[in-house]
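Take a look at the structure set out below.
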């Protein structure tokens, strides 16, 4: 009779060792075979789609547009504006001023401010690490002086 709970399962040995997979080579894949079959069908499929487009079939046109000629991913445009880099607050205010003057779009401005905030967090972490290292060195020097 199988155990009723996980607690009871610990009492019975199993054929699997803890931490070892029961199927180390994994599930056999059929991906390569499916890709080969699709490649064999590609010329016929393209011919059918092309004929459908010529016949005015909008579904074929949509397939072509979605799969054969996809829209390229958008990239962020380069923007130029003067920014006060004295501190994060002044930098953010400079970005907001550039947005209000129309030099930067609001969404790009938000990305710029978020990027600056991320850089500031990284800088803070670096500063804390430097300070911790300095404190540890001073403590070690004080311990060495006592001995």
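Numbering (the UniProt record's numbering), first residue to last: 1 to 147.
Beta carbons are placed, not taken as given, at the ideal position from N, Cα and C, and that holds for glycine.
Inset, instruction - Would you mind sorting residue 94 into buried or exposed? The rule is 16 or more other CB atoms within 10 Å of its CB. - result: Looking up residue 94 in the chain shown gives position 94. That one is buried.
Inset, instruction - Measure how close the beta-carbons of residue 88 and residue 117 come, nearest whole angstrom, since I'm counting them as under 8 Å. - result: Locating residue 88 in the chain shown gives position 88, where the first residue counts as 1. Locating residue 117 in the chain shown gives position 117, where the first residue counts as 1. Yes, residue 88 and residue 117 are in contact; Cβ-Cβ is about 7 Å, under 8 Å.
Inset, instruction - Report the residue ranges of all alpha helix (DSSP H) runs contained in full by the stretch 7 to 69; include only those spanning at least 4 residues, in chain order. - result: 31 to 54, 58 to 63
Inset, instruction - From the DSSP output, in three-state form, read off residue 105 for me. - result: Residue 105 sits at position 105 when you count from the first residue of the chain shown. Reduced to three states, the DSSP call for residue 105 is coil.
Legend entry - Extent of the continuous alpha helix (DSSP H) run through residue 92: Counting from one through the chain shown, the residue named residue 92 turns up at place 92. Unbroken alpha helix (DSSP H) run through residue 92: 88 to 100.
Legend entry - DSSP three-state assignment for residue 132, whether helix, strand or coil: Start at 1 with the first residue of the chain shown, and residue 132 comes out as number 132. Looking at residue 132 - three-state DSSP - the assignment turns out to be helix.
Inset, instruction - Given a cut-off of 8 Å, decide if residue 81 and residue 103 are closer than it, judged by their beta-carbon atoms. - result: Mapped onto the chain shown, residue 103 falls at position 103. Mapped onto the chain shown, residue 81 falls at position 81. In contact: residue 103 and residue 81 (Cβ atoms closer than 8 Å).
Legend entry - Nearest-angstrom Cα separation, counted from residue 111 out to residue 57: Counting from 1 along the chain shown, the entry for residue 57 is found at position 57. Counting from 1 along the chain shown, the entry for residue 111 is found at position 111. Near 42 Å, if we compare the C-alpha coordinates of residue 111 and residue 57.
Inset, instruction - Please report how far the alpha carbon of residue 20 lies from the alpha carbon of residue 30, in whole angstroms. - result: As a first step, residue 20 must be located in the chain shown, where it is residue number 20. As a first step, residue 30 must be located in the chain shown, where it is residue number 30. Whole-angstrom Cα-Cα distance: 25 Å.
Legend entry - Inter-residue Cα distance where the pair is residue 63 and residue 77: As a working mapping, residue 63 is identified with position 63 in the chain shown. As a working mapping, residue 77 is identified with position 77 in the chain shown. For residue 63 and residue 77, the distance between alpha carbons rounds to 30 Å.
Inset, instruction - Report the three-state DSSP secondary structure of residue 83 (helix, strand or coil). - result: On the chain shown, position 83 is the one that residue 83 refers to. Correct three-state label for residue 83: coil.
Inset, instruction - Can you tell me the Cβ-Cβ gap for residue 79 and residue 108, rounded? I've got them flagged as a contact below 8 Å. - result: The sequence position of residue 79 within the chain shown is 79, counting from 1. The sequence position of residue 108 within the chain shown is 108, counting from 1. With 8 Å as the limit, residue 79 and residue 108 qualify as a contact, their Cβ atoms being about 6 Å apart.
Inset, instruction - Consult DSSP for residue 71 and reduce its assignment to one of helix, strand or coil. - result: In the chain shown, the residue the question calls residue 71 occupies position 71. Correct three-state label for residue 71: coil.
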